[in-house]
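Following the numbering used here, the numbering of the sequence shown begins with 21 at its first residue and continues without gaps.
Idealized CB from N, CA, C, for every residue including glycine.
Since the structure is predicted, the reported quantities are computational estimates derived from the model, not experimental observations.
What follows is a short report on a single structure.
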Amino acid sequence: MRWLAIDHGTKRIGLAFSDEMEILASPFEVWPQEEGRSLDRLARLCREEGVQALVVGLPKHKDGAESATAPLARAFALDLSERTGLPHLLWDEHLSSAEVERLLAQRGVKADKRKDMLDAAAAAVILADLL
């Protein structure tokens, strides 16, 4: 099954895909969050890429409590699922960005470049955790 993972943010959306065998999670792109247009773009992407299921990162604190932005991620996931007809899961994302920051820094990626890569890589971490 081909998954689309989404690291949903108020400014950007990080995207990652799985392969059809559900082994690999690969960062795809980072899109600006565009009120009203993001869902249409994502629905089109799902059709074009043969996506069969969605996973959306659910912001949580270290203690497991949902963060203040969790309701936005929940609503986004439900809206996208209804628009595409695809099933969705919400997945704890609280360490995904920190993990990616650490890995990119270890690989010598400069801070200004890390920001551009962070959201798509965080989506890939969410997806890899699910797979």
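Run through the stretch 57-115 for me and flag every whole alpha helix (DSSP H) of 4 or more residues, listed as ranges in chain order.
The qualifying runs are 58-69 and 90-104.
First and last residue of the beta strand (DSSP E) that includes D39?
Stepping through the sequence shown from its first residue, residue 39 is reached at position 19. Neither: D39 is in no beta strand (DSSP E) and is coded neither H nor E.
Do you know offhand how far A63's Cα is from R57's?
Indexing the sequence shown from 1 puts residue 63 at position 43. Indexing the sequence shown from 1 puts residue 57 at position 37. Those two C-alpha atoms are separated by around 10 Å.
In angstroms, rounded to a whole number, what distance separates the CA positions of D149 and R127?
Counting from 1 along the sequence shown, the entry for residue 149 is found at position 129. Counting from 1 along the sequence shown, the entry for residue 127 is found at position 107. In a straight line, the C-alpha of D149 is about 21 Å away from that of R127.
Considering only the alpha carbon of each residue, which of S87, K31, L98 and A45 lies closest to E54?
For the purposes of this step, residue 54 is identified with residue 34 of the sequence shown, where counting begins at 1. Cα-wise, what sits closest to E54 is K31.
Please return the same chain residues whose Cβ sits closer than 7 Å to the Cβ of L59, not counting the five positions on each side in sequence.
Reading the sequence shown from its first residue, position 39 is the one you call residue 59. Counting only Cβ-Cβ distances below 7 Å, and skipping sequence neighbours, we find D99, L100 and R103.
Excluding the 5 residues flanking S38 on each side, which residues of the same chain have their C-beta closer than 7 Å to its C-beta?
Here residue 38 refers to the residue found at position 18 of the sequence shown. The answer, listed in chain order, is R22, W23, L44, A45, L147 and L151.
Taking the alpha-carbon positions, what's the A143 to D27 distance?
Numbered from 1 along the sequence shown, position 123 holds the residue referred to as residue 143. Numbered from 1 along the sequence shown, position 7 holds the residue referred to as residue 27. Using only the alpha carbons, I get a separation of about 5 Å.
P107 to M41, Cα distance in whole Å?
As a position in the sequence shown, residue 107 is number 87, starting the count at 1. As a position in the sequence shown, residue 41 is number 21, starting the count at 1. Near 18 Å, if we compare the C-alpha coordinates of M41 and P107.
State yes or no: is the beta carbon of L124 nearer than 9 Å to at least one beta carbon in chain D?
Judged by its chain identifiers, the structure shown contains no chain D, having just a single protein chain.
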